[in-house]
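Those protein sequence lines, which keep their order, are chains A and B.
FYI, the numbering for the first sequence is 177 to 552, going by our numbering.
FYI, the numbering for the second sequence is 177 to 552, going by our numbering.
Glycine included, C-beta positions come from ideal geometry on N, C-alpha and C.
2 protein chains.
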Amino acid sequence: MGYQHWSYETLHRLCLDSFTGFGFSGEEAEIITDVLLTSDLYGIESHGIQRLYRYYRAIQKGLIKMDARPEVIFETPVSAVIDGHDGMGQIISYNAMRMAIEKAKKNGIAIVSVRNSNHHGIAGYYARMACREGMIGLSCTNTNPIMVPTYGRTAMLGTNPIAMAMPAEPYDFFFDAATSVVTRGKLEVYNKLDKPLPDGWALNKDGHPSTDAPDILSNISEHKGGGIMPLGGSTETLGSHKGYGYGMICEIFSAILSLGTTSNGTGAGGRGLICHCFAAIDPAAFGDPEAIKAHLSEYMRQLRESPKAEGQDRIYTHGEKEIEAERRMMREGIPVNDNTMVEIKSLCDYLKLDFSRYFGSYTIPEENASFRGNFY
Amino acid sequence: MGYQHWSYETLHRLCLDSFTGFGFSGEEAEIITDVLLTSDLYGIESHGIQRLYRYYRAIQKGLIKMDARPEVIFETPVSAVIDGHDGMGQIISYNAMRMAIEKAKKNGIAIVSVRNSNHHGIAGYYARMACREGMIGLSCTNTNPIMVPTYGRTAMLGTNPIAMAMPAEPYDFFFDAATSVVTRGKLEVYNKLDKPLPDGWALNKDGHPSTDAPDILSNISEHKGGGIMPLGGSTETLGSHKGYGYGMICEIFSAILSLGTTSNGTGAGGRGLICHCFAAIDPAAFGDPEAIKAHLSEYMRQLRESPKAEGQDRIYTHGEKEIEAERRMMREGIPVNDNTMVEIKSLCDYLKLDFSRYFGSYTIPEENASFRGNFY
């Protein structure tokens with residue numbers, strides 16, 4: 177599959193025009209676009225512009241309700257619960273994190289739990305919002321079920337990412353990771369390449385470890401059982417119960433505190449039913465924010481400069497890879513695969529946007545022309 | 177190595193008498209004893225009564241200062257930083273979590289970060305304190321360095337456990353796990369049994385995966401390099417960067433927010449320099465605590481009752497194993513190994529306590545008589 181590189185500005189304009197074309201306000205379109213393109217810039221293609229068409233389809237199907245008005249159903253000076261009423265995940269999440277940040281500015285710490293939302297892109301985006309205001313940001317979200325609990329054979333948890341960001345120099349600390357060993361996107365990459373999966377990633381429908389990507393992906397799609405292992409694998413030897421535990425922490429802060437839907441119940445009745453949680457912590461609640469930032473920066477420097485394993489030349493601290501990817505892509509463009517270009521073309525046709533205004537003389541390669549969308 | 181089973185009451189009396197013998201008040205001795213024996217009752221021998229003698233030695237060496245007066249050096253209605261001034265980790269931690277609970281009762285959420293403390297037993301004990309008052313409890317602690325960051329060969333983080341507890345029926349949610357793939361205690365068990373380590377646990381001094389327990393343990397003791405892998409192993413394929421990331425989250429909340437010492441600097445100058453963090457969250461800050469508890473209980477029931485992997489007959493939820501172990505040991509006694517009995521005997525002699533008053537006619541087996549302590 178080929179990739180085209182497009183400038184940030186080109187994709188930004190396309191996304192904005194598309195989301196306003198769907199009916200979002202300019203301000204809303206700007207938020208959704210920023211979440212999507214941040215993911216692409218960080219090198220997380222699965223959550224970037226390749227999802228543009230899926231959001232369009234979700235709106236068409238009524239999964240995402242354009243007229244939803246998220247509602248604060250419980251609130252204290254340090255907490256809130258929001259019912260998203262099936263609105264766009266990014267808008268709901270952006271506003272929920274803004275609320276957490278405002279509360280934390282006044283009171284030091286705040287947690288906002290959200291129910292009845294939809295897929296919101298990368299969890300780390302919202303953690304980074306707090307970080308940009310000098311705070312610790314935390315966010316997590318449950319997802320459609322795909323993680324199988326230790327010794328089980330049915331997906332009962334989502335990939336359930338937990339993200340955290342905190343100011344540091346020269347790179348902020350930025351951690352954003354599924355609590356499952358990998359995400360579904362990784363399985364799909366191996367599937368496309370026709371390669372067996374690494375040991376320790378997935379389970380077949382009987383709950384046995386398997387490296388058969390097509391079998392596992394079709395079982396997941398058809399709800400036949402199996403799925404992805406928790407971080408730590410399928411037995412306690414390498415800590416399966418730990419990844420499963422972090423997945424539970426995500427469910428508790430998102431779906432339990434909000435009285436929302438746990439991962440195993442999401443998607444019911446044609447609704448997303450996704451739950452999130454956002455927290456902001458002001459370092460000023462613990463002393464001098466500059467001293468705390470300097471202390472973290474120094475520790476991260478020590479980590480990067482500590483002795484490397486034989487054959488390795490670099491130890492990364494969390495956030496470095498994303499910043500480097502962002503700089504490279506702002507310089508060299510963002511890669512978009514040709515199948516995604518097919519979807520974008522079809523979207524432009526529907527929205528009566530002039531495809532060539534964004535992409536000039538680019539034409540869909542013959543081999544991709546028959547692609548009819550990659551909906552999962 | 178043989179094990180003797182002793183009643184909870186016997187060990188409770190011995191611990192109380194020992195800690196008051198060291199010079200702690202009755203109330204302090206009761207706290208330390210409860211932390212130690214809770215660990216034994218939960219089946220975590222490494223952090224239980226077998227550490228009694230090590231605490232005694234740490235006090236003798238001046239690592240733990242009996243006259244320390246922990247000091248609140250920064251405070252807001254939802255947060256605090258405490259300097260432990262090298263006191264006993266359990267006392268400092270108990271009081272820090274009490275402070276978090278009191279603040280959370282008034283304000284919904286509270287976080288207390290602690291520096292200059294010492295080993296405090298199982299992190300989960302403190303999370304459970306909040307849980308017993310109907311709250312979500314979180315706690316974490318850094319430790320002596322033993323976790324090697326992804327692609328490194330020097331231990332720069334500790335085992336850095338993160339614990340969380342939350343009320344549920346019939347079992348509370350209780351999660352307490354090192355962010356390293358295993359703890360040092362597990363390596364020592366394999367060493368004693370003269371067995372190779374499982375793949376995916378440890379690194380030799382060059383940073384290569386190794387199953388050679390004696391080599392790894394001696395490298396750790398002599399600071400020659402190597403150590404234990406993060407949860408997720410030594411490469412990104414199985415998520416090494418994730419375990420390393422959770423270890424970082426532990427460092428940030430304990431050592432960074434308190435401006436304390438990160439794991440790689442602990443133990444310097446004959447001081448422990450251990451840092452902790454404790455958080456309490458009142459579910460009432462998110463709505464009806466009973467409804468939230470019922471929602472968690474129902475999800476945990478669904479998890480336990482979900483289909484098992486072929487060949488497995490049980491899916492555990494976090495906390496079940498500990499409660500079952502506690503019930504069994506209250507009934508059948510707590511197992512204490514004969515080497516620990518040697519240490520207890522020697523401690524009784526020093527404190528002029530009558531060993532037989534606790535342990536009747538038990539005598540140290542011939543093969544253990546030459547044991548001179550297991551200090552690591």
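query: Chain B contacts made by the stretch 479 to 491 of chain A, where a contact means CB separation under 7 Å; result: Leu-479, Ser-482, Pro-483, Lys-484, Ala-485, Glu-486, Gln-488, Arg-490, Ile-491
query: Three-state secondary structure assigned by DSSP to Phe-547(B); result: coil
query: Neighbourhood of Leu-433(A) by C-beta distance below 6 Å, restricted to the same chain and skipping five residues each side; result: Ser-289
query: Endpoints, the beta strand (DSSP E) within which Leu-314(A) is located; result: 312 to 317
query: Same chain, Cβ closer than 8 Å to Ala-431(A), neighbours up to 5 away in sequence not counted; result: Arg-291, Asn-318, Thr-437, Thr-438, Ser-439, Cys-451
query: Residue-level contact to chain A via CB, Ala-389(B), 8 Å cutoff; result: no
query: Every unbroken beta strand (DSSP E) within the stretch 349 to 408 of chain A, with a cutoff of 3 residues, ordered by chain; result: 349 to 353
query: Buried versus exposed, by CB contacts within 10 Å (16 or more), Thr-539(B); result: exposed
query: 8 Å Cβ cutoff met for Pro-325(A) and Tyr-422(A); result: no
query: Cα-Cα separation between Ala-205(B) and Leu-192(B), rounded to whole angstroms; result: 5 Å
query: First and last residue of the uninterrupted alpha helix (DSSP H) at Ala-272(B); result: 265 to 283
query: Under 7 Å by beta carbon: chain A residues contacting Thr-330(B); result: Ser-482, Pro-483
query: Alpha carbon of Ala-327(A) to alpha carbon of Lys-497(B), nearest angstrom; result: First, the residue type needs correcting, since residue 327(A) is Tyr and not Ala in the sequence shown. Distance between the alpha carbons of Tyr-327(A) and Lys-497(B): 14 Å.
query: Element boundaries [alpha helix (DSSP H), containing Ala-501(B)]; result: 496 to 508
query: Counted within 10 angstroms of its Cβ, other Cβ atoms place Ala-389(A) as buried (16 or more) or exposed; result: buried
query: Cβ-Cβ distance between Met-311(B) and Ile-277(B) below 8 Å; result: yes
query: Nearest to Ile-298(B) (by Cα), restricted to the options Arg-308(B), Ile-225(B), Val-357(B), Lys-281(B); result: Ile-225(B)
query: Alpha-carbon to alpha-carbon, Pro-511(A) and Trp-182(A); result: 6 Å
query: Inter-residue Cα distance where the pair is Asp-348(B) and Cys-453(A); result: 21 Å
query: The stretch 237 to 249 of chain A in contact with the stretch 257 to 267 of chain A per 3-pair CB rule at 8 Å; result: yes
query: Cβ contact check for the stretch 513 to 521 of chain B and the stretch 226 to 246 of chain B: 3 or more pairs under 8 Å; result: yes
query: Check whether Leu-373(A) and Leu-363(A) have beta carbons under 8 Å apart; result: yes
query: Minimum length 3: unbroken beta strand (DSSP E) runs contained in the stretch 440 to 486 of chain A; result: 450 to 457
query: Proximal chain A residues relative to Asn-440(B), where beta-carbon distance stays under 7 Å; result: Gln-478
query: Residues of its chain near Phe-551(A), where Cβ-Cβ distance is below 7 Å and the 5 sequence neighbours each way are ignored; result: Note that Phe-551(A) has pLDDT 44, beneath the 50 cutoff, so the model's placement of it is unreliable and no number is given.
query: Those runs of the beta strand (DSSP E) which lie wholly inside the stretch 286 to 350 of chain B and span at least 3 residues; result: 312 to 317, 338 to 342
query: Residues that Phe-250(A) bridges to, as DSSP identifies them; result: Val-257(A)
query: Backbone secondary structure at Tyr-492(A) - three-state DSSP; result: coil
query: Proximal residues of chain B, C-beta to C-beta of Ile-404(A) below 8 Å; result: The contacting residues do not exist; Ile-404(A) stays about 11 Å from chain B at best.
query: Contact set between Thr-335(A) and chain E, taken where Cβ atoms lie within less than 8 Å; result: Judged by its chain identifiers, the structure shown contains no chain E, and its protein chains are A and B.
query: Own chain partners of Ala-444(A) with C-beta closer than 8 Å, once the 5 adjacent residues on each side are dropped; result: Thr-437
query: Short Cβ contact (8 Å threshold) for Tyr-302(A) with Ile-207(A); result: no
query: Chain-ordered chain B contacts of Asp-382(A) [CB-CB under 8 Å]; result: Ala-485, Glu-486
query: Residue range of the unbroken alpha helix (DSSP H) whose run includes His-188(A); result: 184 to 198
query: CA-to-CA distance, Leu-393(B) to Lys-368(B), given in whole angstroms; result: 11 Å
query: Three or more C-beta pairs below 8 Å linking the stretch 461 to 474 of chain B and the stretch 334 to 353 of chain B; result: yes
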